[in-house]
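Written below as structure tokens is the structure these notes are about.
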Amino acid sequence: MYLSFEKSAMAAYAPQDYLVYFAILLIILWFFSNVFFKRIKFDDKFLLLASPYIVFGITLRMLPDVGVVERNQLWNLTPGVYVVTMAIALAGVGVGMLIKRRYGIEYWKFPLTVGTILALFTTYTLAIHVNHPVRILYPFGLAAIITGAIYFASAVSSTMTIFKKRSNIAIIFAHLLDGSATFIGIDFYHFTEEHLLPEYLISLAGSAFVMIPLKIVVVLPILYLIERWRIEEGERKTQEYHILKFVLFILGFGPGLRDAILPGTL
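Just so we're aligned, residue 2 is where the sequence shown starts under our numbering, counting upward by one.
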């Protein structure tokens, strides 16, 4: 979910927006699965180089929220900010591949350096607008407590032990951070929800706390299905399995981090 401090009776996203975003997501998944990862191995080095671009994309998305730049759908709002971030990352990887071919330096070092510089710049620009840093810790703490409870509860059944996997715990935490930040931002700091379905459910429940159990009810079955699919497909779909979980993590952590930081900028 995304929060907005603008008082509005309507969500910021129209139904047709979701069709466009879903189409863009499918194109991105197809490209990475059928083109990019045919040339680049999905491993720890890729995750390392991708990390600063995740931070860069999130903080770039927040700059219009704090008034540093004007809101622009093409490069600092969804979906433009994700397209721009990925374009920069892909360009960095491309240059890294050329450097490797000519000088033998591992391809990931150049894009990692570029991404880190960009992330540090946008993070610093955003950080100077954070007036109440302690507020940022509240959704992190709440998400950590609930994630921990799910982790220990997973020992009750052999079916649930899949939720103790490191990657699955990271995804669960990311989405609970999103739900916790939405709850705290709306109920305590008077933000509004920008998405249609969450806005409806929050209005129906009378509290944004409803987003926390909703996240659990949605994310855990999705992870279960992904793990069952991996078992059925075996090693043939290993790459797709990792890509899917990586995207699932970003879809939770991106808006979650943004919504956790926003109350600190008031």
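Don't be surprised by glycine CBs; every beta carbon is placed ideally from N, CA and C.
As the structure is a prediction and not an experimental result, all values here were calculated from the model.
Where the alpha helix (DSSP H) containing residue i begins and where it ends
i, result
"residue 35", "16-35"
"residue 161", "Counting along the chain, residue 161 falls outside any alpha helix (DSSP H), and DSSP gives it neither H nor E."
"residue 45", "45-63"
"residue 42", "It is not in any alpha helix (DSSP H) - residue 42 carries neither H nor E in the DSSP assignment."
"residue 140", "135-154"
"residue 101", "81-104"
"residue 266", "Residue 266 -> no alpha helix (DSSP H), and no H or E assigned at all."
"residue 125", "110-128"
Residue burial classification, residue i (beta-carbon count within 10 angstroms, cutoff 16)
i, result
"residue 109", "buried"
"residue 12", "At residue 12, the pLDDT of 45 sits below 50, so the modelled position is not reliable; the number obtained from the coordinates is stated separately. Under this definition residue 12 is a buried residue."
"residue 189", "exposed"
"residue 134", "exposed"
"residue 51", "buried"
"residue 57", "buried"
"residue 107", "exposed"
"residue 247", "buried"
"residue 154", "exposed"
"residue 118", "exposed"
"residue 255", "buried"
CB of residue i within 8 Å of CB of residue j, strictly
i, j, result
"residue 253", "residue 197", "no"
"residue 140", "residue 204", "no"
"residue 147", "residue 265", "no"
"residue 215", "residue 169", "no"
"residue 61", "residue 86", "yes"
"residue 72", "residue 80", "no"
"residue 34", "residue 227", "no"
"residue 220", "residue 173", "yes"
"residue 209", "residue 232", "no"
"residue 269", "residue 112", "Since the first residue of the chain shown is 2 and the last is 267, residue 269 is not available in this structure."
"residue 120", "residue 53", "yes"
"residue 183", "residue 200", "no"
Rounded C-alpha distance that separates residue i from residue j
i, j, result
"residue 176", "residue 260", "12 Å"
"residue 129", "residue 162", "42 Å"
"residue 31", "residue 55", "19 Å"
"residue 24", "residue 17", "11 Å"
"residue 249", "residue 164", "14 Å"
"residue 27", "residue 83", "13 Å"
"residue 127", "residue 47", "26 Å"
"residue 8", "residue 191", "For residue 8, the predicted structure reports a pLDDT of 37, less than 50, and the residue's modelled location is therefore unreliable. A value from the coordinates is still provided. So the two alpha carbons sit approximately 9 Å from each other."
"residue 251", "residue 104", "33 Å"
"residue 41", "residue 95", "10 Å"
"residue 116", "residue 185", "31 Å"
"residue 239", "residue 160", "21 Å"
"residue 207", "residue 213", "14 Å"
"residue 151", "residue 242", "22 Å"
"residue 132", "residue 75", "28 Å"
"residue 101", "residue 124", "29 Å"
Residue i in three-state terms, based on DSSP
i, result
"residue 193", "strand"
"residue 208", "coil"
"residue 240", "helix"
"residue 188", "helix"
"residue 228", "helix"
"residue 201", "helix"
"residue 176", "helix"
"residue 245", "helix"
"residue 75", "coil"
Proximity test, Cβ basis, 8 Å: residue i and chain D
i, result
"residue 119", "Any reference to chain D falls outside this structure, which holds one protein chain only."
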